[in-house]
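Engineer: Adding 1311 to a residue's 1-based position in the sequence shown gives its number in the numbering used here.
A virtual CB, placed ideally from N, CA and C, is assigned to each residue, including glycine.
None of the values given here were measured: they were computed from a predicted structure.
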Amino acid sequence: MKPDPKPPFDFYNTTLINVLVTVICVQPGTGNAGKNKEYEVECDDLHVRHRNTIINFRLVPPTPHHIIFTGVTPDYPAEFSPASVSVDRKMITFSDLNSKKDNINIFLEFALVSKDNEFQDTFSHDPQVGNDPVVLEPPHAAQLE
């Protein structure tokens, strides 16, 4: 019997999740981020289903140009690779191993910068990442030949 020439999807393809993030400045006390709740950060909650998923957060309008990503904390929890911030600091990307069902506690780190690229303020937001892996049997060695 010949093995199936097409192994299961999850073992040879990488899933990419693009998350659009908006940040706007609001009246202190009315937002969901910042020391005085002066920023409103919006992005969809994530439910990661496949192993080795690439997650890409991207700042989009109406986010002002002077709000940027600075990183992720913690630096890289057990399920995540170290994050990479794009040159223009409008995207942040990392991979999620997604090996066990769990809610991952991370914070996207932001900065408000001046025209001289000096940080005027920093703040963070929890994007709500839930890992819920689909368990598939790995392909047999004969299928890999």
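1) For a quick check, are the C-beta atoms of Leu1357 and Val1440 less than 8 Å apart?
2) Can you grab the Cα-Cα spacing for the pair Phe1418 / Val1383, in whole Å?
3) Short of 8 Å in beta carbon distance, which residues of its chain neighbour Thr1433, apart from the five on each side in sequence? Order them along the chain.
4) May I ask you to report which of helix, strand or coil DSSP gives Arg1369?
5) Go through its chain and collect everything with a Cβ distance to His1377's Cβ below 7 Å, but skip five positions before and after it.
Structural biologist: Reading off the structure:
1) As a first step, residue 1357 is located in the sequence shown; it is residue number 46 there, counting from the start. As a first step, residue 1440 is located in the sequence shown; it is residue number 129 there, counting from the start. Taking 8 Å as the Cβ cut-off, Leu1357 and Val1440 qualify as a contacting pair.
2) Taking the first residue of the sequence shown as position 1, residue 1418 is located at position 107. Taking the first residue of the sequence shown as position 1, residue 1383 is located at position 72. Rounded to whole angstroms, Phe1418 to Val1383 spans 6 Å at the Cα level.
3) Along the sequence shown, one-based indexing puts residue 1433 at 122. These residues qualify, in order along the chain: Thr1381, Glu1420, Phe1421, Ala1422, Leu1423.
4) On the sequence shown, position 58 is the one that residue 1369 refers to. In this structure, Arg1369 counts as strand in the three-state DSSP scheme.
5) By one-based count along the sequence shown, residue 1377 stands at place 66. So the list reads Leu1423, Val1424, once near-sequence residues are dropped.
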